[in-house]
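Position one of the sequence shown corresponds to residue 2 (our numbering), numbered consecutively onward. Working notes for the structure below.
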Amino acid sequence: MTTSSKTLGDWLHDFEREAFRLETLDDYGKSGGVAAYQAFLAGEPQPENYRTDSWVTTVGDAVRAGKRMYRVHILARPLTDYLRYELSWGYRRNMTAGEEFFILDTTEEELNEPAHYLYTTVTDPAYRDVKPGTVMALWAVNRAAGQGRTWVRRGCHFPGLVRYYRTQGFELVHEVQRTRTKVYLMGRRAEHVTDLEGRFGALSGPRSDTSA
């Protein structure tokens with residue numbers, strides 16, 4: 002492994018031919034330009050210091066020197082508030098300085114994959130030790146496979162639930178920032194589950210009161 006004392010600014014100043022950035026997140030709102038982002042959400046004009054930001058100078062200097070700066074953003078609809086801001090303000094501003102942008106929209110590809118959607122589940126705490134929520138999730142995964150679906154998808158609003166659903170084999174696919182809340186969209190590939198009968202059997206019969 003090699004290390005370098007150069008800063009990002011040094012690399013952007015010293016590169017010889019091309020500088021490329023791959024963006025895969027739905028929200029880079031905490032990486033800079035917070036005031037401009039808030040102005041966009043409030044419907045206000047672009048702040049003067051945003052339009053004349055040093056990044057515009059960096060890009061312009063590189064392009065005039067015969068270098069290329071470009072980025073690819075992989076995204077899916079519906080667009081988050083941040084993506085609307087980025088596409089409406091950020092990319093257009095940077096394009097005036099010569100930066101190039103390429104958008105890879107995976108929405109249609111994602112929508113064309115057959116899937117079941119698992120809505121919220123409610124379980125009795127008395128059965129917590131046999132994990133009824135996990136059993137229901139696995140039932141959905143097994144049923145989706147039996148019906149020729151590719152995915153089981155689900156969503157939530159709380160990071161705690163994201164961690165819990167990950168224990169059931171779901172992975173975070175998108176984080177969608179709404180005006181007042183964030184939505185976490187998750188998915189798990191459909192597959193046949195061989196031990197469902199045993200799991201359902203563990204749920205039968207009386208349970209003791211865990212609060213006693």
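Note that beta-carbon positions come from the ideal geometry of N, C-alpha and C, so glycine has one too. What you are looking at is a predicted structure, and each value in this text was computed from that prediction instead of being measured.
Distance, residue j Cα to residue i Cα
i, j, result
"T211", "P126", "Any reading at T211 is ruled out, since the residue's pLDDT is 47, under 50, leaving its predicted position unreliable."
"A138", "Q169", "7 Å"
"V64", "R154", "43 Å"
"S6", "F16", "15 Å"
"A213", "A37", "Confidence in A213 is poor, its pLDDT being 37 and thus under 50, which makes the residue's placement too unreliable to answer from."
"H158", "T121", "11 Å"
"K31", "D130", "39 Å"
"K183", "M96", "29 Å"
Interface flag, residue i vs chain B, CB-CB below 8 Å
i, result
"G147", "Among the chains in the structure shown there is no chain B, since it carries only a single protein chain."
Nearest residue (CA-CA) to residue i, options the options
i, options, result
"E49", "G34, T122, L105 and E101", "G34"
"L1", "D82, L119, W140 and K132", "The chain is shown only over 2 to 213; residue 1 falls outside these bounds and no answer can be derived."
"L42", "E198, E87 and G149", "E87"
"A146", "Y29, T8 and R189", "R189"
"E45", "G10, L80, K68 and W90", "W90"
Beta-carbon spacing of residue i, residue j below 8 Å
i, j, result
"V142", "L204", "no"
"Y185", "E176", "yes"
"P115", "T58", "no"
"R18", "R52", "no"
"V60", "E110", "no"
"G161", "M187", "no"
Residues that residue i bridges to, as DSSP identifies them
i, result
"M137", "None, per the DSSP bridge assignment."
"G188", "R154 and E172"
"H74", "E24 and I104"
"E19", "R69"
"A116", "W152"
**OP:** State whether the stretch 69-82 contacts the stretch 102-122, with contact taken as three or more CB pairs (one from each stretch) at a distance under 8 Å.
**Re:** yes
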